[in-house]
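*Asks:* Heads up: the sequence shown begins at 1 in UniProt numbering, then just goes up one per residue.
Note that the Cβ used here is the ideal one computed from N, Cα and C, for glycine as well.
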Amino acid sequence: MLQEDPRTVPLRWSVFHVVFVEPRIPPNTGNAIRLVAATGAHLHLVEPLGFTMTDAQLRRAGLDYHDLATVTVHPDLDALWAELGTARVYAFTASARTSYADIAYRRGDVLLFGPEPTGLAPEVLADPHVTERVRIPMLPGRRSLNLSNSAAVAAYEAWRQHGFAED
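1. Measuring straight from C-alpha to C-alpha, what distance separates Gln-3 and Asp-127?
2. If we ignore side chains and look at the alpha-carbon of each, how far apart do Gln-161 and Ile-136 end up?
3. According to DSSP, simplified to helix, strand and coil, what is Arg-34?
4. Should Glu-22 be labelled buried (16 or more other beta-carbon atoms within 10 Å of its own) or exposed?
5. Under the DSSP definition of a beta bridge, which residues are partnered with Leu-45?
6. Suppose you measure from the CA of Gly-119 to the CA of Ala-104; what does that come to, to the nearest Å?
7. Shortest alpha-carbon distance to Ala-38 belongs to which of Tyr-65, Val-46, Gln-57, Arg-106?
8. Could you spell out the range, first to last residue, of the beta strand (DSSP E) harbouring Val-124?
9. Looking only at its own chain, which residues have a Cβ that is under 8 Å from the Cβ of Leu-145, when we skip the five neighbours before and after it?
10. Using beta-carbon positions only, say whether Ser-150 and Asn-31 come within less than 7 Å of one another.
11. Look at the alpha carbon of Ser-99 and the alpha carbon of Ala-69, and state the distance between them as a whole number of angstroms.
12. Quick one: Cα of Val-46 to Cα of Pro-75, how far?
13. Put Tyr-90 into one of helix, strand or coil per three-state DSSP.
14. Please name the residue or residues paired with Thr-98 in a DSSP beta bridge.
15. What does the alpha-carbon distance come out to for the pair Ala-101 and Arg-107?
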């Protein structure tokens with residue numbers, strides 16, 4: 001269900017929440033739609049988006065999973081925070097010291113990712129809603145992973161810790 005009204009999708013239905021803040025590349029979001037459809041997570045997109053939800057590249061990357069995914073578009077971070085309430089928020093950034101694999105994820109946790117070219121802005125990383133900054137380890141001299149790949153690494157680790165629960 002694309003662009004679902006956040007008030008109609010109970011948060012308890014989602015094992016985890018994957019958030020893309022101001023995503024710019026449609027295929028990354030299309031891949032994330034497939035990810036959340038496969039894992040039962042909820043994808044949240046924070047505007048402005050670098051594409052429309054009907055973009056051909058987004059639709060192509062999401063294949064036939066669009067109807068199986070829960071996706072909510074929020075006008076800004078304040079709307080996202082209001083919807084997620086007191087959920088724990090893990091902000092993914094290459095500058096963090098804590099590895100994503102060192103977190104004991106709980107049902108309902110939020111995996112927060114920034115735009116493709118820049119990552120999360122300093123003011124987002126400093127937001128009081130952020131529980132902890134985490135990183136995905138890489139070899140020295142590497143700047144970043146692809147956004148949808150990073151989200152998949154994180155979501156599958158969180159889900160793995162819960163025995164790949166299907167409820």
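*Replies:* If we stick to the structure as given:
1. Residue placement at Gln-3 cannot be trusted, given a pLDDT of 43 that sits under 50; the coordinates are not used to answer.
2. 16 Å
3. helix
4. In this structure Glu-22 is buried. Its beta-carbon is surrounded by 16 or more other beta-carbon atoms within 10 angstroms.
5. Phe-20, Val-73
6. 23 Å
7. Considering only alpha carbons, the answer is Tyr-65.
8. Where Val-124 is concerned, there is no enclosing beta strand (DSSP E), although the alpha helix (DSSP H) it sits in stretches over 122 to 125.
9. Ile-136, Met-138, Val-153
10. no
11. 28 Å
12. Going by the C-alpha atoms only, they are around 6 Å apart.
13. Residue state, collapsed to three classes: strand.
14. Answer by DSSP bridge pairing, in chain order: Val-134.
15. 16 Å
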